[in-house]
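Here's the structure, in structure tokens; my notes come after.
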Ligand code: SF4
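Right under this line is the structure:
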């Protein structure tokens with residue numbers, strides 16, 4: 001079993017994780033009949049969002065370098081393979097949350113309002129949950145916000161506990177009355193182990 | 001990437017349709033003298049399936065000094081975004097606005113996409129009418145199966161290619177290159193192009209109408225061009241791997257072209273004659289390089305009817321282990337009558353048998369020359385059920401000439417017999433799933449049934465409702481085409497240049513046909529009504545002696561031969577498959593047919 005980590009940048013942000021898998025042939029390194037059923041994605045990033053931390057867990061008998069050889073020439077130029085790592089079969093790849101960097105033009109002049117937005121009792125967003133549009137309070141899914149010089153970083157839930165980062169940022173911009181275009185980049189993913197948040201990269205080297 | 005475009009792409013569905021940069025994309029040199037853009041008037045994932053597009057893209061890019069990019073019709077959300085941002089439609093590779101190319105080549109494989117073609121020209125900021133496009137604007141030409149009748153697009157296209165694209169395209173691009181080097185005007189370039197065999201220039205054709213009828217069609221007779229030897233024809237060694245799944249993302253080789261079965265409704269069966277096959281050795285080497293270059297887990301072997309390929313056994317013998325070694329599987333396309341040949345398995349859906357029977361009754365199958373008997377059909381069912389098949393998909397046509405309620409009932413009876421046979425021969429406890437699909441018969445140019453009428457959308461709807469209620473009672477799933485769209489297609493397929501105004505109006509009113517979805521299609525009727533176009537004339541029966549809008553195209557099969565076949569169909573007489581005996585179409589005199597006498 002291997003974990004494949006890749007980055008999506010530039011035009012690559014417009015590729016869904018399923019498209020990346022299909023184009024790269026990750027789904028067929030083991031043969032065409034192994035399609036999809038042997039794969040697990042950890043919090044795949046939405047289309048339109050840059051990512052430095054995309055992970056696929058692939059059940060295969062192939063060695064790391066064999067998987068690497070099979071896919072590295074088939075990646076679009078905007079998708080970068082970071083590594084292929086062999087892992088134990090009971091590895092937990094389902095992360096709880098991810099860190100994103102958010103930037104937009106008038107960020108510097110809005111820091112106060114941003115703080116205000118995140119410190120409210122409720123953070124309501126317009127989310128699309130299983131095809132149904134609804135208002136969602138994601139206050140308890142926003143774990144950490146840190147305001148930096150050029151933008152802020154935010155840690156929000158992913159998967160079943162999703163903080164819907166794109167909708168969250170849209171809602172923030174409405175709140176602070178900004179019409180700027182924004183850029184979001186996923187930088188890391190975390191999972192919970194022994195009551196602590198562990199970076200997924202680090203966890204892959206630990207014993208369960 | 002341009003900031004404006006990036007922000008648009010974040011808002012539209014499936015943005016990967018618009019970014020290009022696919023695996024195996026050749027390097028693009030924008031400094032060449034002639035810049036081509038290959039345009040497909042439908043969505044990216046539809047166009048990327050097109051065999052013509054796959055071949056032509058690489059054919060032009062593999063020639064030194066030429067450059068070819070691509071553009072597909074945007075979906076309505078992208079179209080609106082481009083309009084809002086006042087951006088022009090652009091190519092995928094270098095994101096050059098279409099108006100910046102020297103040549104725009106449009107691939108037409110469905111008449112319903114004509115409106116998309118016009119909307120693409122409009123989004124490119126180009127006038128729709130060819131005569132209004134100036135010297136600094138691109139030449140716009142059409143190719144593909146719809147070009148059997150160029151006339152409905154006559155006012156928009158500078159020229160069209162008739163026949164196999166590989167052959168004519170190389171001559172066309174060389175002529176355009178020479179014309180540019182000699183600084184010829186557009187009119188002079190068209191004159192040069194008119195000397196190339198297989199090029200149809202609508203502005204050189206004189207057309208007159210008396211009352212409703214076409215009364216005069218004057219111009220050069222354009223002979224359809226055919227590649228005689230597929231093995232000696234260009235075929236790319238690498239193909240693009242689509243960014244968005246097309247549903248058919250496998251590597252691809254073309255096993256054969258043309259079909260000799262002679263189904264009388266099928267345009268490909270006559271306009272693509274004769275049957276030409278690639279050699280096994282050639283196919284295996286092409287397949288190997290395709291699989292290696294695309295990293296694909298599958299190989300699609302394309303052919304009008306795979307079971308007709310002479311050396312199918314030996315092809316499978318070579319391809320199967322080659323695919324096995326490379327972890328790939330192979331798929332024979334259009335493999336709908338596979339059970340007729342015990343060794344062909346539908347690799348996409350092994351538990352499914354798909355049959356295109358086209359007509360429920362033997363009488364109608366004889367009319368259309370679909371040479372499958374009840375015995376054939378029942379033995380396919382028996383053999384399939386014994387092999388564990390649990391899904392049956394049957395497709396038919398309604399509205400065929402001389403169809404009555406008895407013929408429609410025959411479709412239901414066939415489905416019932418299928419159910420009974422399943423009870424007898426089933427291998428599993430799973431219930432049988434039967435899906436019936438019908439399409440409405442559309443008389444197509446260059447077929448023996450080209451003189452027949454289309455039943456009209458009201459009658460089509462009536463017959464569909466009849467079948468729907470019958471299948472509801474039988475608990476069988478039933479799907480059918482949209483009568484409004486089939487009527488529009490019937491009008492356009494045999495249309496003439498009077499329809500250009502209707503198309504432009506319908507496009508302006510927002511009619512589109514994208515990814516199989518008709519948008520604002522009510523406007524077709526309104527546009528025809530507004531312009532006083534008599535749709536019944538277009539859909540009605542024609543006389544064998546009538547002048548037809550495509551009479552200046554020579555399909556090489558011969559109008560007399562088609563008329564003979566038409567007469568036989570009216571008597572319910574059948575004609576042998578070409579592989580079983582030549583029935584003497586005009587090709588037999590040219591020495592280009594492997595079956596036909598010289
Ligand atoms: S020449 Fe004869 S065998 Fe060949 S396509 Fe024509 S009818 Fe068929």
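Chains as they are written, first to last, in this note's numbering: chain A, 1 to 208; chain B, 1 to 598. All C-beta atoms in this analysis are idealised placements derived from N, C-alpha and C, irrespective of residue type, glycine included.
- prompt: With 16 as the cutoff for other CB atoms within 10 Å, does residue 338/B come out buried or exposed?
  reply: Below a pLDDT of 50, predicted positions are generally treated as unreliable, and residue 338/B, at 43, falls in that range; the measurement from the model is reported next regardless. Residue 338/B is buried by the Cβ-count criterion.
Boundaries (first-last residue) of the alpha helix (DSSP H) holding residue 120/B: 114-123
query: Around the C-beta of residue 60/A, are 16 or more other C-beta atoms found within 10 angstroms, so that it is buried, or is it exposed?
result: buried
- request: Output the residue ranges of the beta strand (DSSP E) runs that lie fully inside the stretch 44-118 of chain A and measure 3 residues or longer, sorted by chain position.
  value: 50-58, 79-86 and 97-104
message: Looking only at its chain, what residues have a beta carbon closer than 8 Å to the beta carbon of residue 181/A, apart from the 5 residues adjacent to it on each side?
response: 104 and 105
message: Along the stretch 35-57 of chain B, where does the CB come closer than 9 Å to a CB of chain A? Name the residues.
response: The stretch 35-57 of chain B vs chain A, Cβ under 9 Å: nothing.
message: Quick check: the Cα distance between residue 318/B and residue 397/B, rounded to an integer number of angstroms?
response: 37 Å
task: Determine the direct distance from the alpha carbon of residue 191/B to that of residue 175/B, and round the result to whole angstroms.
output: Near 10 Å, if we compare the C-alpha coordinates of residue 191/B and residue 175/B.
message: In the DSSP output, what is residue 97/B paired with across the bridge?
response: 90/B
field: In chain order, each beta strand (DSSP E) run of at least 3 residues that lies wholly inside the stretch 133-185 of chain B
entry: 139-143 and 159-161
message: Let me make sure I understand the geometry here. Which of 524/B, 580/B, 514/B and 592/B has the alpha-carbon closest to that of residue 46/B?
response: 514/B
message: the ligand SF4 and residue 578/B: does the residue's C-beta get closer than 7 Å to at least one heavy atom of that ligand?
response: yes
- request: Quick one: residues in its chain with C-beta nearer than 6 Å to the C-beta of residue 76/B, no 5 flanking neighbours on either side, listed in chain order?
  value: Within the same chain, residue 76/B has no close Cβ partners at all.
Of the residues 230/B, 455/B and 309/B, the one placed nearest residue 164/B, counting alpha carbons only: The option with the nearest alpha carbon to residue 164/B is 230/B.
- prompt: So is residue 210/A in contact with chain B if we call contact Cβ pairs under 8 Å?
  reply: A query on residue 210/A cannot be resolved here, the shown segment of chain A reaching from 1 to 208 and no further.
message: Please identify, using Cβ separations under 7 Å, the residues of the stretch 231-253 of chain B that lie next to chain A, in order along the chain.
response: 241, 243, 244, 245 and 249
field: Nonlocal neighbours in the same chain, by C-beta distance under 6 Å from residue 657/B, ignoring five residues either side
entry: Nothing can be reported for residue 657/B: it is not among the residues displayed for chain B, which extend from 1 to 598.
field: Members of the stretch 77-88 of chain A that neighbour chain B once the beta carbon cut-off is set at 9 Å
entry: 77 and 78
query: Can you list, in chain order, the residues of its chain whose CB lies under 7 Å from that of residue 336/B, leaving out five sequence neighbours each side?
result: Because the pLDDT at residue 336/B is just 45, under 50, the model does not fix this residue reliably, and the value given afterwards should be weighed accordingly. If the five residues before and after residue 336/B are omitted, its C-beta is found closer than 7 Å to the C-beta atoms of 354, 355 and 356, all from its own chain and listed in chain order.
- prompt: Shorter than 8 Å from the beta carbon of residue 16/B to some beta carbon of chain A?
  reply: yes
field: Distance cut-off 7 Å: residue 596/B Cβ against heavy atoms of the ligand SF4
entry: yes
message: Looking only at its chain, what residues have a beta carbon closer than 8 Å to the beta carbon of residue 544/B, apart from the 5 residues adjacent to it on each side?
response: 451, 563 and 566
- request: Return no unless some Cβ of chain B is closer than 8 Å to the Cβ of residue 126/A.
  value: Against chain B, the CB of residue 126/A has no partner CB under 8 Å away; the residue lies outside that interface.
Pick from 92/B, 469/B, 150/B and 538/B that is closest to residue 552/B, judged by C-alpha positions: 150/B
query: Which of the three DSSP states, helix, strand or coil, is assigned to residue 144/A?
result: strand
query: Which of the residues in the stretch 21-32 of chain B, read from start to end, lie with their CB under 8 Å from any CB of chain A?
result: 21, 22 and 23
message: With DSSP as the reference, identify every bridge partner of residue 225/B, one or two as the case may be.
response: 163/B
- request: May I ask whether a heavy atom of the ligand SF4 can be found less than 7 Å away from the beta carbon of residue 569/B?
  value: No, the beta carbon of residue 569/B sits no closer than 7 Å to any heavy atom of the ligand SF4.
query: Can residue 244/B and residue 19/A be called in contact, C-beta distance under 8 Å?
result: Cβ atoms of residue 244/B and residue 19/A: closer than 8 Å.
field: Given 8 Å, three or more beta-carbon pairs between the stretch 275-283 of chain B and the stretch 52-61 of chain B
entry: A contact between stretches requires three or more CB pairs, one per stretch, nearer than 8 Å, and the stretch 275-283 of chain B fails this requirement with the stretch 52-61 of chain B.
query: Quick one: is residue 342/B buried, meaning 16 or more other Cβ sit within 10 Å of its Cβ, or exposed?
result: Its pLDDT being 41, under 50, residue 342/B is placed unreliably by the model, and nothing is read from it.
query: Taking 7 Å as the cut-off, does the CB of residue 467/B come closer than this to any heavy atom belonging to the ligand SF4?
result: no
- prompt: In its own chain, which residues sit with a C-beta less than 6 Å from the C-beta of residue 246/B, not counting the 5 before and 5 after it?
  reply: 45, 48 and 49
query: Counting pairs of beta carbons, one from the stretch 421-437 of chain B and one from the stretch 476-490 of chain B, are three or more of them closer than 8 Å?
result: yes
- request: Provide the residue span of the alpha helix (DSSP H) that contains residue 419/B, from first to last.
  value: Secondary structure note for residue 419/B: its alpha helix (DSSP H) is the uninterrupted segment 405-425.
- request: Measure the C-alpha to C-alpha separation of residue 600/B and residue 80/B and round it to an integer number of angstroms.
  value: It is not possible to answer for residue 600/B, since the shown part of chain B is limited to 1 through 598.
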